[in-house]
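There are 2 protein chains.
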Amino acid sequence: MSTDHWSATEKKIARRAFDAAYGREIAAIMEELRRKVGGMKSAKDLWQIEDFLRERRDEVDWKYDYRYSQLIYVFSILHHQGFLLEADLAGLSADKIEAVKHTGDCFRR
Amino acid sequence: MSTDHWSATEKKIARRAFDAAYGREIAAIMEELRRKVGGMKSAKDLWQIEDFLRERRDEVDWKYDYRYSQLIYVFSILHHQGFLLEADLAGLSADKIEAVKHTGDCFRR
Chain A
8 MSTDHWSATE KKIARRAFDA AYGREIAAIM EELRRKVGGM KSAKDLWQIE
58 DFLRERRDEV DWKYDYRYSQ LIYVFSILHH QGFLLEADLA GLSADKIEAV
108 KHTGDCFRR
Chain B
8 MSTDHWSATE KKIARRAFDA AYGREIAAIM EELRRKVGGM KSAKDLWQIE
58 DFLRERRDEV DWKYDYRYSQ LIYVFSILHH QGFLLEADLA GLSADKIEAV
108 KHTGDCFRR
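If you read the protein sequences in the order shown, they are chains A and B.
Numbering-wise, the first sequence is residues 8 to 116 according to my numbering.
Numbering-wise, the second sequence is residues 8 to 116 according to my numbering.
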């Protein structure tokens, strides 16, 4: 089985994993936003929050690309960042799981 | 006295009025941000907060233009929006105060 072919079952698992990672990342951004707003005192703080949100949104928009041709790469980034757990991948072919983990390892080099 | 000429005293008053309006507007944006973040539940809410902050920042950046050639216009907008109070203008020439109020009236038509 190649990492290019996604069976119907794998597509379901991938979609669930993708959505789970997205939910975790949104929750993390919300938590950080609440923390920043809690400590906000000046106009500078306010505009830094705007910078923070814009950067997070740009990254999220770019990163969450659900094309099967990109999914190994997307998953490897999300796994490396801690938003995708290895358990989310259970049921995918071993070579896909390996590819996600291996590509993720490259970010650490 | 024309609305084009600003005496040294008027420049001090104008700067203080400008800064006071800016402070009030920033405080209002912060209050609205706290309210929105308090009620935030979904990714949609999160990105609407980003939209809100970006739009407010764009408007603030555009609006707070401290060039004496623009100041009557800037003050009239701020007065119309409630961020600049008539009391802030005390000490400016009568024609400047009238121009600020009159130009502000135009927004209501």
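Don't be surprised by glycine CBs; every beta carbon is placed ideally from N, CA and C.
The model shown is predicted, which means the values in this text are computed figures rather than measured ones.
Chain B residues whose Cβ lies nearer than 8 Å to that of Val44 of chain A: Taking the first residue of the first sequence as position 1, residue 44 of chain A is located at position 37. Here the neighbours are Leu40, Arg41, Val44.
Contacts that Ile20 of chain B makes with chain A (C-beta to C-beta distance below 7 Å): For the purposes of this step, residue 20 of chain B is identified with residue 13 of the second sequence, where counting begins at 1. Within chain A, no residue comes near Ile20 of chain B; the closest Cβ sits about 22 Å away, beyond 7 Å.
Start and end residues, alpha helix (DSSP H) containing Glu57 of chain B: For the purposes of this step, residue 57 of chain B is identified with residue 50 of the second sequence, where counting begins at 1. That run of the alpha helix (DSSP H) goes 50-70.
Where Leu99 of chain A sits in the DSSP three-state scheme: Within the first sequence, the letter at position 92 stands for residue 99 of chain A. The answer is strand: DSSP assigns Leu99 of chain A an E or B state.
Three-state secondary structure assigned by DSSP to Thr10 of chain A: Within the first sequence, residue 10 of chain A is the residue found at index 3, counting from 1. In the structure shown, Thr10 of chain A sits in coil (DSSP, three-state: anything other than H, G, I, E or B).
Beta-carbon gap between Ala35 of chain A and Asp95 of chain A smaller than 8 Å: In the first sequence, residue 35 of chain A corresponds to position 28, counting from 1. In the first sequence, residue 95 of chain A corresponds to position 88, counting from 1. No. Outside cutoff.
Buried or exposed (CB count within 10 angstroms, at least 16 for buried), Ala21 of chain B: What you label residue 21 of chain B is simply residue 14 of the second sequence in a count that begins at 1. With 16 or more other Cβ atoms within 10 Å, it is buried.
Whole-Å CB distance - Lys103 of chain A paired with Ile84 of chain A, under 8 Å assumed: Here residue 103 of chain A is taken as the residue at index 96 of the first sequence, counted from 1. Here residue 84 of chain A is taken as the residue at index 77 of the first sequence, counted from 1. Not really, about 15 Å apart at Cβ, beyond 8 Å.
Proximal chain B residues relative to Trp13 of chain A, where beta-carbon distance stays under 9 Å: In the first sequence, the residue the question calls residue 13 of chain A occupies position 6. Ordered by position in chain B, no residue passes the 9 Å Cβ test against Trp13 of chain A, which lies about 25 Å from the chain.
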